[in-house]
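Enquirer: Residues in the sequence shown are numbered consecutively from 60, following the numbering used here. Cβ coordinates follow ideal geometry from the N, Cα and C atoms, glycine included. First the structure, which I've put down as structure tokens, then a few questions once you've had a look.
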Amino acid sequence: MKKKKYIKNGLIIAITIIVAICFCNYENNHIVLTKYQYKTKKLQQKSYKIIQISDFHNKENAKANKKLISIVSKENPDIIAITGDFIDSFSMNTEISLNLAKQLVKIAPVYYVTGNHEHADEEKLYSFQDKLMNAGVHIMDNVVEVVSDKITLIGLGDLSLNDNTLNQLMKKVNKENLSVLLAHEPQYLKNYADAGVDIVLPGHAHGGQIRIPFTNVGLVAPNQGFLPKYTSGQYSSDNTSMFVSRGIGNSILPLRIFNCPEIVEVEIMVEK
């Protein structure tokens, strides 16, 4: 009887471990696409679609990365925004991210700003950015670029999130144009709103890493601590709308729970 009990308990433990491994693998590699619509009177003709990819962190999963490319390609975006932590400070092998960028530029123009992880090694960052530019990626740290006749893209480098740089950049923006800000970290929403930005696309929070089921609450995020305010979804302050991506990869905490990797799509539409 004892032997049968040990076997039964062993089987239960083994099945539990297998289920947990399968669940974690799914949660960390099943990429979802989240779509938002933003209506504005500043746009007068056709809609404009932006795909945002954030916090890739050199994700070493060929199957997931192939799925990522497939999802982006099917959406046929006007531009692709990479909003920081494209590489990881604990694994500065840039080839995986560079290969992804080379595939993305075949789909649509790609615009990239740095996150905090890129600045762990400035020499490698400069080399990486040179390779990205050679691949056709637009480096947008503290740069303003008009991407359509009614949309202006502003890139804010991660070292300039909490100073006067954004206010200076906004002086270059035609006020009649819709302003779209690429900035890695979401906790500066008030700063972005005070500068008069229309749309912000950040990541950084990794969805709170572990999300509480049936809520929009994440457990922990860098620079926001426990039960962070900005982890996933749409937020607003004054006339500014912010769409926070849960990101693709992981870094210090290698595990996501109830928090699948995410591609964000924002379709800007004419408000009638």
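Note the first and the last residue of the continuous alpha helix (DSSP H) segment covering A252.
Expert: L248 to D253
Enquirer: Assign A73 to one of three DSSP states: helix, strand, or coil.
Expert: helix
Enquirer: Under 8 angstroms, do E177 and I146 count as touching if we go by C-beta distance?
Expert: yes
Enquirer: Alpha carbons only, please: which of E154, L163, D253 and D114 is nearest the one belonging to N221?
Expert: Closest by alpha carbon: D253.
Enquirer: Tell me, which residues are paired with M328 by DSSP?
Expert: K98
Enquirer: Counting along the chain, where does the beta strand (DSSP E) carrying V202 start and finish?
Expert: It spans V202 to S207 - the beta strand (DSSP E) in which V202 sits, taken as one unbroken run.
Enquirer: Grab me the residues of P245's own chain with a C-beta within less than 7 angstroms of its C-beta, minus the 5 sequence neighbours each way, in chain order.
Expert: P261, H263, A264, Y289, M301 and V303
Enquirer: Could you tell me which of A121, E134, G174 and H197 sits nearest to I166, measuring between CA atoms?
Expert: E134
Enquirer: Which two residues bound the contiguous beta strand (DSSP E) that contains M301?
Expert: It spans T299 to V303 - the beta strand (DSSP E) in which M301 sits, taken as one unbroken run.
Enquirer: With a threshold of 6 angstroms on Cβ separation, who are the neighbours of I269 within its own chain once the five nearest residues in sequence on each side are excluded?
Expert: L278 and I316
Enquirer: Strictly by DSSP, which residues pair up with H197?
Expert: Y170
Enquirer: Quick check: V196 and V164, are their CB atoms within less than 8 angstroms of each other?
Expert: yes
Enquirer: By a C-beta neighbour count over all protein chains shown, 10 Å radius and 16 as the cutoff for buried, is V78 buried or exposed?
Expert: exposed
Enquirer: Counting only the same chain and skipping the five closest in sequence on each side, list residues whose C-beta sits under 6 angstroms from that of G174.
Expert: G143, D144, D217 and H243
Enquirer: What are the start and end residues of the beta strand (DSSP E) that includes L212?
Expert: I210 to L215
Enquirer: Answer with buried or exposed for L228, where buried requires no fewer than 16 other C-beta atoms within 10 angstroms of its C-beta.
Expert: So L228 ends up on the buried side.
Enquirer: Please list, in chain order, all residues of the same chain as K100 whose beta carbon is under 7 angstroms from its beta carbon, the five residues on each side excluded.
Expert: Only E330 meet the Cβ criterion.
Enquirer: Less than 8 angstroms between the beta carbons of V276 and G267, yes or no?
Expert: yes
Enquirer: Note down the Cα distance separating L337 from L240, rounded to an integer number of angstroms.
Expert: There is no way to answer for residue 337, as the model of the chain reaches only from 60 to 331.
Enquirer: Span of the alpha helix (DSSP H) holding I138?
Expert: Looking at the DSSP string, I138 is not in any alpha helix (DSSP H); the run it does join, the beta strand (DSSP E), is I138 to T142.
Enquirer: Per DSSP, G292 forms a beta bridge with which residues?
Expert: V303
Enquirer: Nearest to T211 by alpha carbon, out of P313, G255, S310 and I130?
Expert: The residue among P313, G255, S310 and I130 with its C-alpha nearest the C-alpha of T211 is G255.
Enquirer: Could you tell me whether the Cβ atoms of I213 and S238 are closer together than 8 angstroms?
Expert: yes
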